[in-house]
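**Student:** In this note's numbering, the protein residues as written are 61 to 297.
(1) Helix, strand or coil: which one does DSSP assign to residue 266?
(2) If we require 4 or more residues per run, which alpha helix (DSSP H) segments fall completely within the segment 180-239?
(3) Going straight from the alpha carbon of residue 96 to that of residue 90, what length do you get?
(4) As an exercise, report each continuous alpha helix (DSSP H) stretch of at least 4 residues that is fully enclosed by the segment 78-120, in chain order.
(5) With residue 247 as the anchor, note down where its alpha helix (DSSP H) starts and where it stops.
(6) Quick check on this structure: which residue in 182, 83 and 219 has the alpha carbon closest to the alpha carbon of residue 100?
(7) State the CB to CB distance for the pair residue 118 and residue 109, rounded to an integer number of angstroms; the pair is presumed to be in contact (CB under 8 Å).
(8) Candidates 199, 280 and 254: which alpha carbon is nearest residue 266's?
(9) Between the segment 271-287 and the segment 232-244, do three or more beta carbon pairs fall short of 8 Å?
(10) Might you give, ordered along the chain, the residues of its own chain that have their beta carbon closer than 8 Å to the beta carbon of residue 205, omitting 5 neighbours on each side?
(11) Spatial neighbours of residue 158 within its chain, please: C-beta separation below 7 Å, excluding the five flanking residues on both sides.
(12) Is the Cβ-Cβ distance between residue 211 and residue 165 less than 9 Å?
(13) Does the Cβ of residue 44 have 16 or more other Cβ atoms within 10 Å, making it buried, or fewer, making it exposed?
(14) When you compare only the Cα positions, how much space is there between residue 263 and residue 292?
(15) With distances taken Cα to Cα, identify the nearest neighbour of residue 130 among 289, 222, 213 and 114.
(16) I'd like to know whether the C-beta atoms of residue 238 and residue 168 end up nearer to each other than 9 Å.
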């Protein structure tokens, strides 16, 4: 079980690194800039249209990085949340401890994605910026800040799901639900905190990334309140 989880984690990391490299190498001429590389690869969704590949790439890269985190957290207990909880005097102490790790993991993940994508663009000798309907500070703010907040939202959603199901094995079901709910058919008005870090949203002006920051912050507050309720009512057992 442990070796299988480790192998799947390594396989996903390799998939992510190779995918970004291939996409950087095959970028259309109009996006062969540093900002264009970020924009094209992490485009995700936009208010102007929908591309399944762009959507799935951003969704999978971010969701599966969170999956790796929880695989590592629960790997020693073979997926059973009970064996994690009994190590701590209270449920709240368990959550506070794991919350710090989630924050660190989110920061590390977005930093690696940023540095690696930037490094590849520099290796291919891309110029810094092209003629795009957004500024570089809008793009980098949205990628780093909202990418970090999006990852935190995914972490907390996973915690809620794991607490309710009590098993890490059902996490793939959670991923499937999030991928479906994030589709424009269900989430055109941002009812769910899914893929809101898509760089396709930055063409609406700088107010758009700021608005998304506020929305992701509101969802984080709601998720923390739900987790607090679960912990106080001991609904995770």
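Quick reminder that beta carbons are idealized off the backbone N, C-alpha and C, glycines included.
**Tutor:** According to the structure data:
(1) coil
(2) 196-201 and 207-225
(3) 8 Å
(4) 94-101
(5) 244-247
(6) 83
(7) Contact flag wrong, Cβ pair sits at about 15 Å.
(8) 199
(9) no
(10) 269 and 273
(11) 133
(12) yes
(13) Residue coverage of the chain in this structure runs from 61 to 297, which leaves residue 44 outside it and unanswerable.
(14) 43 Å
(15) 222
(16) no
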